[in-house]
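These notes are about the structure you will find just below.
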Amino acid sequence: MQAESLPYLSAEFLDRLTISTSEVVDEIERQIIGQRQGEVWCAPKAVVRPGDDRYIMATLGVATEPPLLATKSLVVNPRNAQRGLATLNSIVTLLDAETGLPLAVVDGNWVTEKRTAGLSAVAARRLARPDSASVAFIGCGVQARGHLEVLADLFPLREIRAFSRGKASRDAFCRMAETRGLTAMSCDNAKAAVEGADIVVTTVTLVPEPTPFLDARWLKAGVFVTMTDLALPWLPESMAVFDRIVIDDLAQEAQVSKPMVKSELVAGDLTGLVGGDVPGRQGAGERTAFAFRGIAVGDLALAGLAFVRAKAVGALGA
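In the working numbering, each residue's number is its place in the sequence shown (first place is 1) plus 165.
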């Protein structure tokens, strides 16, 4: 296939593939297990911060089945709002892992939304109470919407509580939840949102870097928290409240200068959790958390899943 004829899998096209939550979570878990078995290889994510509020990142992952090399390039720029553009924009390029020939370009925003919620779901399967009925969202943007869809598929949810700096986005998010038959509460402060919630999802924007304002001591016994934002919004001195904190990748975390969580509080990573080396929830009253930067295996799994599905429906030719 020549580069000039590469297919582009847009978000609209990918949505029409109707990939289910269980398929997303199962594929991420399959590729995580593949890493343990020496059939998947991923590099730590690369990050560049030019010092002007931009956050630029890339991931690289290679799978044996399907035989794909996936690279994601992403730029977060808060100034995009003034241009009428999304704050985050990205693409994933897929190559044949054997030959290196280009196969497709995939909408990276779709991949990022689905894989982030999917990684949270992998952890939630093992760390959240199965009877979780209420979710608090701190941050009500794209990632919150993705998490709402996934968590509503996995748990018997009845209500959500939402807090964000922008009331318009918070109200829009509540309306979305109500279309799913959930009771939605728009909260004026973060404490009111998280107190009493069974699950808490924090998706606070990383640029500019947030000042910590969330206190884990507000959380009830039995809660599960997923922190997609490097745990930056959480007061570091309150993190010892958690009985078990899992991060996404111990090896990746060892290479960064500022860890998300103090190492003595970390029980292990997602690979250990999926593989059984790290125990999941041990009791109904445990406070558990998953903090993550994002790992290449998630992007690889989602882009590969979309590519295989697109081929199956004949969208990529023979």
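Backbone N, C-alpha and C define an ideal beta-carbon position, used for all residues, glycine too. The structure presented is a predicted model; accordingly, all values stated were derived computationally and were not measured.
Query: With distances taken from CA atoms, which of F302, N245, R446, L259 is nearest D353?; Result: F302
Query: For the alpha helix (DSSP H) containing D464, name the first residue and the last one.; Result: 461-477
Query: Is R310 buried or exposed, if buried means 16 or more other CB atoms sit within 10 Å of its CB?; Result: buried
Query: Is the beta carbon of T186 closer than 8 Å to that of L322?; Result: no
Query: In this structure, what does DSSP give as the bridge partners for V213?; Result: I221
Query: Who does R409 pair with in a DSSP beta bridge?; Result: T453
Query: Is E324 helix, strand or coil by DSSP?; Result: strand
Query: Inspect the beta-carbon positions of T367 and T393 and report whether they are closer than 8 Å.; Result: yes
Query: Let me know if Q308 comes out buried or exposed under the rule of 16 or more other beta-carbons within 10 Å of its beta-carbon.; Result: buried
Query: Which of the three DSSP states is assigned to I184 in this structure?; Result: coil
Query: Report the start-end ranges of each beta strand (DSSP E) in the stretch 227-267 that is 3 residues or longer and not cut off at the edges.; Result: 233-241, 253-261
Query: DSSP on T368, reduced to helix/strand/coil?; Result: coil
Query: Under 8 Å between the Cβ atoms of R219 and N242?; Result: yes
Query: C207 bridges to which residues according to DSSP?; Result: G226
Query: Quick check: the stretch 257-268 against the stretch 282-291, are at least 3 beta-carbon pairs closer than 8 Å?; Result: no
Query: Can you find at least 3 beta carbon pairs, one from the stretch 402-414 and one from the stretch 449-467, that sit closer than 8 Å?; Result: yes
Query: In its own chain, which residues sit with a C-beta less than 6 Å from the C-beta of L438, not counting the 5 before and 5 after it?; Result: R291, V411
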